[in-house]
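Letter 51 of the sequence shown, counting from 1, is numbered 51 in UniProt numbering, and no numbers are missing.
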Amino acid sequence: MDVMGQSDVSIELYLFQRAKHLQYHCGDQVFLKEDETGFLCAIVDGLGSGKEAEKAAKAVVEAIAANSALPNIGDIVARANEALIGLRGAAIAIWRGDWNEQSITYCGIGNIRFYLLGTDDALVFPISSTGFLSGRRQKIRTQKFQYKPGSKFLMHSDGLTLAGVKRYLFTTNSVESTGHCIEGNVMDIPEDDVTFLVGEFK
């Protein structure tokens, strides 16, 4: 699955996903929601692969959707954690972009990667908390960063191995072209679920 999109406000996106061994069930799930104030985005990676991993990841995404109006990212993650009681665990990376402040508030737990070209053209790479969502009590930490018009970002599940991330974000190529370049690093029949999202703030 690959999707190219232009939002009504201030963001351009390219989304790519390919399931492990091209299976029907994918343990990676994505949440995207935009309104007049900002943009809420998450990648969720259910532990393992296949149907049970997909079930766990979907439970997290459904909890994010149900609680997306909460102003605090940490509270959204806490509700998502509760949704995993009795299910497999899941890694998560979630952020909210604020159009007015030109800021991103980020929370990551587990091995999903997020990179942002910051206001001074330095690469911002927030370190996610160790562990994963599981329904048990989890320490939730958020971080805040500024972006500027033209800033690119990339987030991906651990199924993607990518060297030289900077060159994909510093390029003047379009988001679509950059997405296709990153796709070149993905095996035709991958050994793990692969999801990545590349975008640019306008």
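A virtual CB, placed ideally from N, CA and C, is assigned to each residue, including glycine.
Buried/exposed call for GLN6, threshold 16 Cβ in 10 Å:
Model confidence at GLN6 stands at a pLDDT of 47, short of 50, so the residue's coordinates are unreliable and nothing is read from them.
So LYS33 is in the alpha helix (DSSP H); what residue range does that whole segment cover?
Not the alpha helix (DSSP H): LYS33 falls in the beta strand (DSSP E), residues 28-34.
Measure from the alpha carbon of SER103 to the alpha carbon of each residue in ASN173, PHE145 and ARG136, then state which is nearest.
Checked all of ASN173, PHE145 and ARG136; the closest Cα to SER103 is PHE145.
Pop quiz: LYS55 and LEU87 are said to be a contact at Cβ under 8 Å. What is the actual Cβ separation, rounded to whole angstroms?
With a Cβ gap of about 6 Å, LYS55 and LEU87 count as contacting.
State buried or exposed for residue 214, treating a residue as buried only when at least 16 other CB atoms are found within 10 Å of its CB.
No information on residue 214 is available, as it lies outside the stretch 1 to 202 that the chain covers here.
Please report the residue range of the beta strand (DSSP E) in which ALA42 lies.
38-46
Tell me the rounded alpha-carbon separation between ALA80 and ALA63.
5 Å
C-beta contact flag for LEU116 and VAL124 at 8 Å:
It is a contact, given that the beta carbons lie within the stated cut-off.
Within its chain, find whatever has a CB closer than 6 Å to the CB of GLN29; leave out the 5 residues flanking it on each side and keep chain order.
VAL44, ALA57, LYS58 and VAL61
Work out the CA separation of TYR168 and ARG18 for me, nearest whole Å.
If I take the Cα positions, the gap works out to 20 Å.
Starting from PHE145, follow its DSSP beta bridges and name the residues at the other end.
Answer is ILE104.
Residue ranges of each beta strand (DSSP E) within the region 119-166, 3 or longer
143-146 and 152-156
Could you spell out where the beta strand (DSSP E) holding THR195 opens and where it closes?
194-201
Do the region 183-193 and the region 135-149 meet, that is, are 3 or more Cβ pairs less than 8 Å apart?
no
Identify every residue that forms a DSSP beta bridge with GLN17.
THR195
C-alpha gap between ASP158 and ALA93, whole angstroms
12 Å
Given this structure, state the Cα-to-Cα distance separating SER68 from THR105, to the nearest angstrom.
14 Å
Can LYS152 and GLU200 be called in contact, C-beta distance under 8 Å?
yes
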